[in-house]
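Residue numbers for the sequence shown follow my numbering, so the first one is 2 and each next one is one higher. We put the CB at the ideal spot given by N, CA and C, even for glycine. Here's the structure we're looking at; comments come further down.
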Amino acid sequence: MNKYPQTVGILSRKDFLRAAAFAALMPCLPRLSHAEAERIGVLEIAPGIFVHVGKYQLVNAQNRGDISNPCCIVGGSSVAVVDTSGSYAMGVELREAITQITDKPIRHVINTHMHPDHVMGNAAFKTAEAEFVGHYKLPAALAARKESYLSNARQRLGETAFAGTEIIPPTVLVRDTLEIDLGGRVLILKARPTAHTDNDLTIFDGATGTFFLGDLLFSGHIPTLDGSIVGWLKLLSELSLEKAERAVPGHGPQSMAWPEAAEPIQRYLNVLATDVRRMIRDGKTIEDAVASAAQSERDKWALFDEHNPRNVTAAFTELEWE
Ligand SMILES: [Zn+2]
């Protein structure tokens with residue numbers, strides 16, 4: 002006979018087990034007052050989940066690459082960091098914030114994808130006990146871009162904020178799905194097909210139903226396309242069917258309702274694809290497209306003028322072969 006019932010009230014057996022595990026975990030979780038969390042630069046969005054919200058800016062010496070949302074997840078025995086911000090200096094700040102949240106060791110540093118504003122703080126977490134985790138295509142993606150990523154970072158950050166910054170590729174690779182147990186709290190990592198980049202990874206925290214989407218989800222800050230617009234739209238439709246209590250975007254607020262959070266980015270990518278396809282059909286050039294595609298979205302996103310031209314170029318290059 003089953004030790005646990007198949008249903009408990011309205012809870013399925015799986016939900017019941019999850020709730021029971023989480024109740025056991027709760028006393029081990031850190032409690033920070035709102036003021037304390039704010040002082041160290043993080044927000045607690047669910048029990049044991051802390052998010053630092055990056056600025057809607059381009060990388061520069063003043064912001065030290067603080068333009069994306071690194072997170073930490075505290076379990077019963079260890080901590081996982083999700084992304085490490087855009088410089089060694091920012092990584093150190095994040096690590097110091099975590100030591101004020103919990104004294105549990107950081108055993109996993111998970112990178113959601115290759116972009117410098119998510120991986121350049123990795124070196125701050127180099128310890129004997131920390132493993133670096135990423136999509137199975139992440140090592141090759143970082144190796145191919147290492148020189149340009151480092152020289153661009155040095156130029157944009159300046160020597161002070163750049164000092165100590167390294168590219169550290171993952172050694173634990175996610176080919177399909179990987180579960181990481183933080184002690185009573187299991188994270189489910191999934192390698193996704195090419196969308197924002199060719200190495201996007203999502204993380205789901207079963208204890209709270211929190212879905213970390215990395216840069217598959219942008220809000221407020223215009224999405225940046227470095228993979229496949231067709232793939233991204235397809236993946237967002239699929240991800241929207243996955244149930245979650247909340248989603249954490251790579252750029253945007255600390256926490257959002259899911260799947261509603263996906264609607265604006267789906268709208269932008271659809272407008273971009275529709276405009277670019279029409280211009281290709283009408284025999285327009287890539288320069289024509291850069292000047293006018295997706296302009297109806299201009300007032301809806303921060304950094305539109307900075308990133309839309311590159312998005313149009315990427316979309317045009319992909320869609321002209323359809
Ligand atoms: Zn990105």
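Residue i burial status per 10 Å Cβ neighbour count (16 or more: buried)
i, result
"G284", "exposed"
"Y5", "Residue confidence for Y5 is low, a pLDDT of 46 falling below 50, so the modelled location carries little weight; the figure read from the coordinates is stated next. The residue in question, Y5, is exposed, as its Cβ has fewer than 16 Cβ neighbours within 10 Å."
"A20", "exposed"
"L95", "buried"
"W322", "exposed"
"P260", "buried"
"K105", "buried"
"S256", "buried"
"T318", "exposed"
"T286", "exposed"
"L237", "buried"
"D84", "buried"
"A24", "exposed"
"S69", "buried"
"P28", "exposed"
"E45", "buried"
"H35", "exposed"
"E239", "exposed"
"D276", "buried"
"S13", "exposed"
"I144", "Inspection of the sequence shows that residue 144 is occupied by Ala rather than by Ile. Exposed, by the Cβ-count rule."
"A38", "buried"
"S229", "buried"
"A98", "buried"
"A258", "exposed"
"A142", "buried"
"Q7", "Because Q7 carries a pLDDT of 49, less than 50, the predicted location of this residue cannot be relied on, and the following value inherits that uncertainty. Exposed."
Pair within 9 Å by beta-carbon distance, residue i and residue j
i, j, result
"I266", "P224", "yes"
"A131", "G87", "no"
"A262", "L320", "no"
"A303", "Y57", "yes"
"S220", "P254", "yes"
"V231", "V173", "no"
"T100", "V75", "no"
"P31", "T209", "no"
"A1", "V272", "For the chain, the structure presents residues 2 to 323; residue 1 sits outside this window and is missing."
"G215", "H119", "yes"
"R157", "N312", "no"
"L59", "E243", "no"
"C73", "V43", "yes"
"W233", "L270", "yes"
"R268", "E298", "yes"
"L107", "S79", "For clarity, residue 107 is Ile in the given sequence; the question names Leu instead. Yes, the pair counts as a contact, with Cβ atoms nearer than the cut-off."
"A129", "I204", "no"
8 Å contact criterion, which residue i and residue j should meet: CB distance rounded
i, j, result
"A315", "L226", "5 Å"
"V175", "L202", "6 Å"
"D206", "A192", "Contact doesn't hold; Cβ gap of about 17 Å is too wide."
"T166", "M121", "5 Å"
"K147", "I168", "5 Å"
"G66", "L26", "About 33 Å separates the two Cβ atoms, so there is no contact after all."
"T211", "A245", "7 Å"
Element boundaries [alpha helix (DSSP H), containing residue i]
i, result
"D1", "The requested residue 1 is not part of the displayed model; the chain covers only 2 to 323."
"G159", "L139 to F163"
"E243", "That residue, E243, is in no alpha helix (DSSP H); it is neither H nor E in DSSP."
"L18", "R14 to L26"
"A292", "I287 to S293"
"D177", "It is not in any alpha helix (DSSP H) - D177 carries neither H nor E in the DSSP assignment."
"H109", "That residue, H109, is in no alpha helix (DSSP H); its beta strand (DSSP E) goes I107 to I111."
"A315", "F305 to L320"
"D199", "D199 -> no alpha helix (DSSP H), and no H or E assigned at all."
"D118", "P117 to V120"
"E39", "H35 to R40"
Element boundaries [beta strand (DSSP E), containing residue i]
i, result
"I204", "L202 to D206"
"I102", "No beta strand (DSSP E) contains I102, which is instead part of the alpha helix (DSSP H) from Y89 to I102."
"E132", "E132 to H136"
"I189", "V187 to A192"
"E45", "L44 to A47"
"V80", "V80 to V83"
"C73", "C72 to V75"
"L217", "T211 to F219"
Proximity test, residue i beta-carbon vs ligand 2 heavy atom, cut-off 8 Å
i, result
"T100", "Questions concerning ligand 2 fall outside what the structure shown contains, since the ligands it does hold are ligand 1."
Interface flag, residue i vs chain D, CB-CB below 9 Å
i, result
"P265", "Any reference to chain D falls outside this structure, which holds one protein chain only."
Counting pairs of beta carbons, one from the stretch 243-252 and one from the stretch 46-65, are three or more of them closer than 8 Å? yes
Do the stretch 192-203 and the stretch 111-124 touch if we need at least three Cβ pairs shorter than 8 Å? yes
With contact counted as at least three CB pairs below 8 Å, one residue from each stretch, are the stretch 182-194 and the stretch 117-130 in contact? Here the stretch 182-194 makes no contact with the stretch 117-130; the two share fewer than three CB pairs at distances below 8 Å.
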